[in-house]
Amino acid sequence: MTLKFQKLEEDYLSLLAEFNTVKCKLECKTDSLLILSQELEKCRIERDQYKLMADQLRTRYSALKRRVEGWGPSLMGVYDVDGLKCEREKILREELNKKNADCFQEYLSPNFVPFSEKEALVKQLEVQKIKCMQLTQDLEAVLDEKEELITSRDQYIHKYERLNQQMNYILRGDQQKPVDIDGVLMENKYLQERIKQAEEEKAVTASALAKCRALLEKKRTKGGMRSTIASGLAISAKQVEQLLQSSPFLDLTSKSSNVAEFRNLVITLLENLSDKSIALSHQKKTNK
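Going by numbering that gives the first Met the number 0, the first residue of the sequence shown is number 0, and it counts up by one from there.
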């Protein structure tokens with residue numbers, strides 16, 4: 000795990016150094032491009048100025064030509080306007096060629112970077128940035144795993160110290176009885192689960208008792224047990240007591256007043272029901 004962490008750290012440092020190098024190169028290229036743009040703007044301004052000067056000279060030439068033609072053919076040889084024009088154009092052409100040569104030399108210089116290469120550099124920079132972010136996430140995951148391993152190690156160390164202490168008590172023959180802390184904790188957990196299970200069973204039993212009581216009240220008020228009597232079914236008090244003894248929800252040894260009251264109520268109702276069923280059977284025989 001340590002070697003993996005060191006390798007990730009070395010890769011991260013190398014990528015960071017490469018990122019800084021590319022960033023410096025990009026800044027240099029940006030500055031060069033800015034300088035070229037400024038020089039190009041200057042050349043455009045000078046070109047416009049020269050063009051304006053050429054237009055002005057052309058206008059002056061036309062005006063002078065008209066004046067000379069108005070003066071007559073004797074003065075044509077005095078003002079060599081065409082020669083001046085050619086010389087001026089030659090000078091302008093030389094200056095323009097010089098500016099073009101300077102721009103071309105700048106283009107051929109090793110510091111010049113085309114636009115396509117700049118786009119490629121930007122894409123490479125984005126890829127390296129994504130890799131750097133991925134390495135950072137991996138590093139965080141490794142650190143989290145390291146924390147978990149440290150926690151587990153501390154737990155095992157504490158357990159080892161407790162067991163070592165108990166073993167020392169046993170080997171030295173101390174009067175103090177060794178206590179298994181882990182066993183006590185497990186027993187405590189088991190007892191808590193048993194208590195929770197007993198509470199759930201108690202709730203289920205209370206719910207069943209409430210349902211039975213409500214059902215008996217409903218049968219007593221509405222006479223819902225007549226269909227059972229009409230079918231000739233008769234249950235004695237002894238059978239009811241046996242039925243209650245075999246019920247998984249009731250315990251005859253219980254001292255709960257609610258349970259005793261419920262049993263007495265059931266026995267009384269069934270005795271009355273048995274008497275009424277016998278009377279009804281005698282009445283049927285008399286009617287026949």
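Cβ atoms here follow ideal geometry from the backbone N, Cα and C, with glycine treated the same way.
Should LEU83 be counted as a contact of the ligand NAP given a C-beta to heavy atom distance under 6 angstroms?
-> In terms of ligand content, the structure shown is empty, and the ligand NAP therefore cannot be addressed.
Does the pairing of the stretch 139-148 with the stretch 40-59 give three or more beta-carbon distances under 8 angstroms?
-> Put simply, the stretch 139-148 does not touch the stretch 40-59. Fewer than three CB pairs are less than 8 angstroms apart.
Leaving out the 5 sequence neighbours to the left and right, which residues in its chain are closer than 7 angstroms to LEU91 when beta-carbon positions are compared?
-> TYR49 and ALA53.
Apart from the five residues just before and just after LEU215, which ones in its own chain have a Cβ nearer than 8 angstroms to its Cβ?
-> If we look at LEU215 and ignore the five residues flanking it on each side, its Cβ neighbours are LEU264, VAL265 and LEU268.
Report all residues from its chain with a CB closer than 8 angstroms to the CB of LEU15; omit the five preceding and five following residues, and keep chain order.
-> The answer, listed in chain order, is CYS131.
Straight-line Cα distance separating GLN5 from GLU147 | Counting only the Cα atoms, GLN5 lies some 19 angstroms from GLU147.
Roughly how many whole angstroms lie between the Cα atoms of GLN37 and LYS145?
-> GLN37 and LYS145: Cα-Cα distance of roughly 56 angstroms.
Can you find at least 3 beta carbon pairs, one from the stretch 19-27 and one from the stretch 115-126, that sit closer than 8 angstroms?
-> Taking 8 angstroms as the limit for Cβ pairs, the verdict is that the stretch 115-126 does touch the stretch 19-27.
Reference CYS27, options LYS117, ILE149 and ARG66, closest by Cα = Answer by Cα proximity: LYS117.
Looking only at C-alpha atoms, which of ARG43, CYS42 and ASP81 sits nearest to ARG59?
-> Cα-wise, what sits closest to ARG59 is ASP81.
Counted within 10 angstroms of its Cβ, other Cβ atoms place SER276 as buried (16 or more) or exposed | Residue environment: SER276 is assigned as buried (16 or more neighbouring CB atoms within 10 Å of its CB, all protein chains considered).
Can you tell me the Cα-Cα spacing of GLN165 and ASP153, whole angstroms?
-> Here the C-alpha atom of GLN165 lies approximately 19 angstroms from the C-alpha atom of ASP153.
For LEU95, the nearest candidate out of ARG43, GLN55 and ARG57 (CA to CA) | Distance from the Cα of LEU95 is smallest, within the candidate group ARG43, GLN55 and ARG57, for ARG43.
Alpha carbon to alpha carbon, how far is GLU88 from LYS128? Give it in angstroms, no decimals.
-> Computed Cα separation, rounded: 55 angstroms.
Backbone CA spacing between HIS157 and GLY182 [nearest angstrom] = In a straight line, the C-alpha of HIS157 is about 15 angstroms away from that of GLY182.
Neighbourhood of LYS188 by C-beta distance below 6 angstroms, restricted to the same chain and skipping five residues each side | Excluding residues up to 5 positions away in sequence, nothing lies with its Cβ nearer than 6 angstroms to the Cβ of LYS188 in the same chain.
Proximity winner among THR29, LYS217 and LEU7, relative to LEU120 (alpha-carbon distances) | Scanning THR29, LYS217 and LEU7 for the CA closest to the CA of LEU120 turns up THR29.
Given a cut-off of 7 angstroms, decide if LEU162 and TYR11 are closer than it, judged by their beta-carbon atoms.
-> Their beta carbons are not under 7 angstroms apart, which means TYR11 does not touch LEU162 by this criterion.
Can you tell which of ARG57, LEU184 and LYS98 has its C-alpha closest to the C-alpha of LYS84?
-> The shortest C-alpha separation from LYS84 is found at ARG57.
Within the same chain, show all residues whose beta-carbon is closer than 8 angstroms to that of GLN136, passing over the 5 residues directly before and after it, in chain order.
-> Taken in chain order, the list of residues that qualify is empty.
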